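Just below is one structure, and these are the notes that go with it.
In full-length UniProt numbering, the protein residues as written are 1 to 423.
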């Protein structure tokens with residue numbers, strides 16, 4: 001018996017609930033998620049430094065812990081999604097993130113900031129692997145339409161960047177009323193998302209993978225035994241460490257250049273507009289360029305962004321364009337992400353080889369989270385000297401640039417065998 005269909009030919013379960021999530025719902029979820037995220041997270045470092053006079057070490061630990069709790073726990077979140085299904089996991093992620101934001105709203109000391117950041121990260125660890133698994137399933141169901149057509153993951157990046165444009169601008173506006181106001185608004189956004197997922201996602205996970213308790217644990221965590229994938233995830237983790245410097249290092253550079261929170265919001269908006277404008281053509285180009293070359297180019301562009309800031313940080317800010325180092329950093333990181341991130345996300349399907357993908361995406365992010373926590377902690381003392389023009393101000397940027405170059409060279413050896421042979 002064929003399932004019922006809606007007027008748009010979407011299969012329906014009994015009671016009108018869709019049997020499969022609509023890709024448009026998945027993409028719009030990323031849009032709204034990013035609005036809630038970017039209206040808060042870019043301003044944590046500024047709030048801790050300006051309102052509570054906390055050190056770079058304290059800020060680095062809080063941001064690193066948030067990223068580790070989110071990205072580092074993706075493996076757990078991915079396994080939960082594979083077993084329990086995306087609907088419950090995504091709803092739980094939204095509720096946990098609301099709890100974390102309310103903790104941050106009450107924070108007036110390091111311990112509360114740390115606790116709020118960790119709870120916030122755990123919410124993301126539940127939400128994102130589940131969403132990515134559904135996108136992966138939707139990508140596999142797409143009808144072939146040309147070898148070089150950009151994937152749904154490229155679309156996910158693009159729509160997410162619209163949220164990353166609106167989020168910082170909303171955050172900059174709300175920051176004038178107090179950081180806690182931004183947190184209350186973002187909490188309301190995630191509460192609404194939880195309701196939408198509960199109402200419109202199917203009760204069962206229709207990614208084509210079994211999700212009941214009979215799924216063997218060794219199948220869910222098979223990625224841990226794939227040495228090639230573990231190495232790939234470790235080297236690609238440098239990409240997340242590099243991107244995280246938008247939240248940790250960028251505010252330090254803006255302070256060195258004599259710029260304020262309003263500029264931070266505009267710089268993030270520039271980053272998002274750049275991605276929205278170029279992600280699609282870059283994704284098409286990278287499909288022709290080959291996976292191995294796309295990853296190497298992406299990490300190399302990030303290294304170039306860090307090198308540019310390292311050079312400019314040793315010179316007084318340019319009076320007519322003090323934001324130039326920040327723009328150079330953001331341009332390198334964004335172009336690098338456009339080349340490398342959709343490529344890496346697509347390669348996970350090849351590594352999984354038909355097995356549940358949630359744990360694979362989880363391990364990829366978990367390695368990134370661990371790298372951010374370790375890297376931020378290591379670089380925090382270097383950032384203490386980076387808010388004043390000097391030779392020492394170049395040290396954190398050079399440190400990250402060297403790591404990115406090393407990863408760009410090494411990751412070429414650890415692609416899945418079919419992609420590697422075709423690259």
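From the three backbone atoms N, C-alpha and C, an ideal C-beta is built for every residue, glycine too.
Being a predicted model, the structure only gives us computed values, none of them experimental.
Check: Runs of beta strand (DSSP E) wholly within the segment 254-304 (minimum 3 residues, chain order); Outcome: none
Check: Distance between residue 202 and residue 425 (C-alpha atoms, nearest Å); Outcome: With the chain covering 1 to 423 only, the question about residue 425 has no answer from this structure.
Check: Contacting residues, own chain, Cβ-Cβ under 7 Å from residue 377 (five flanking each side not counted); Outcome: 60, 61 and 64
Check: Sequence-distant residues of the same chain with beta carbon closer than 7 Å to residue 26, five excluded per side; Outcome: 131, 134, 135 and 138
Check: Cα-Cα separation, residue 104 to residue 120; Outcome: 9 Å
Check: Status (buried if at least 16 other CB within 10 Å, exposed otherwise) for residue 426; Outcome: Past the boundaries of the shown model lies residue 426; the chain is included only from 1 to 423, so the question cannot be answered.
Check: Cβ-based neighbour list, residue 314, same chain, cut-off 8 Å, excluding 5 preceding and 5 following; Outcome: 389, 390, 391, 393 and 394
Check: Same chain only: Cβ atoms within 7 Å of residue 156, ignoring 5 sequence neighbours per side; Outcome: 27, 30 and 135
Check: Buried/exposed call for residue 417, threshold 16 Cβ in 10 Å; Outcome: exposed
Check: Residue 248 classed as buried or exposed, judged by whether at least 16 other C-beta atoms fall within 10 angstroms; Outcome: buried
Check: Simplified DSSP assignment, three categories, for residue 319; Outcome: coil
Check: For residue 424, the three-state DSSP class (helix, strand or coil); Outcome: Residue 424 is absent from the structure shown; the chain starts at 1 and stops at 423.
Check: Alpha-carbon spacing of residue 308 relative to residue 301, whole angstroms; Outcome: 11 Å
Check: Exposure of residue 239, with buried meaning 16 or more beta-carbon neighbours within 10 Å; Outcome: buried
Check: Touching by the beta-carbon criterion (3+ pairs, under 8 Å), the segment 287-300 and the segment 167-183; Outcome: no
Check: Residue burial classification, residue 304 (beta-carbon count within 10 angstroms, cutoff 16); Outcome: buried
Check: Buried or exposed (CB count within 10 angstroms, at least 16 for buried), residue 232; Outcome: buried
Check: Where residue 245 sits in the DSSP three-state scheme; Outcome: coil
Check: Three-state secondary structure (DSSP) of residue 82; Outcome: helix
Check: Whether residue 102 touches residue 187 by CB criterion (8 Å); Outcome: yes
Check: Per-residue DSSP class, three states only, for residue 355; Outcome: coil
Check: Boundaries of the alpha helix (DSSP H) in which residue 72 is found, first to last residue; Outcome: Residue 72 -> no alpha helix (DSSP H), and no H or E assigned at all.
Check: Other residues of its chain near residue 344: CB distance less than 6 Å, five sequence neighbours each side excluded; Outcome: 236
Check: Nearest-angstrom beta carbon gap, residue 67 and residue 77 [assumed within contact, 8 Å]; Outcome: Their Cβ separation, rounded to whole angstroms, is 14 Å, which puts residue 77 and residue 67 out of contact at 8 Å.
Check: Residue 165 classed as buried or exposed, judged by whether at least 16 other C-beta atoms fall within 10 angstroms; Outcome: buried
Check: Euclidean distance between Cα positions of residue 215 and residue 128; Outcome: Bear in mind that the predicted position of residue 215 carries a pLDDT of just 44, short of 50, making it unreliable; the figure below should be weighed with that in mind. When rounded, the distance between both Cα atoms is 21 Å.
Check: DSSP state of residue 54 mapped onto helix, strand, coil; Outcome: coil
Check: Whole-angstrom distance between residue 331 and residue 285, CA atom to CA atom; Outcome: 18 Å
Check: Three CB pairs or more closer than 8 Å across the segment 249-265 and the segment 320-330; Outcome: yes
Check: Terminal residues of the alpha helix (DSSP H) in which residue 403 lies; Outcome: 395-410
Check: Expected contact under 8 Å - CB spacing of residue 280 and residue 408 to nearest Å; Outcome: Their Cβ separation, rounded to whole angstroms, is 23 Å, which puts residue 280 and residue 408 out of contact at 8 Å.
Check: Among 106, 245 and 43, nearest to residue 169 - alpha-carbon criterion; Outcome: 43
Check: Nearest-angstrom Cα separation, counted from residue 262 out to residue 348; Outcome: 38 Å
Check: Own chain partners of residue 275 with C-beta closer than 8 Å, once the 5 adjacent residues on each side are dropped; Outcome: 157, 158, 161, 164, 334, 337 and 338
Check: Residue 226 in three-state terms, based on DSSP; Outcome: coil
Check: Among 319, 73, 79 and 385, nearest to residue 356 - alpha-carbon criterion; Outcome: 79
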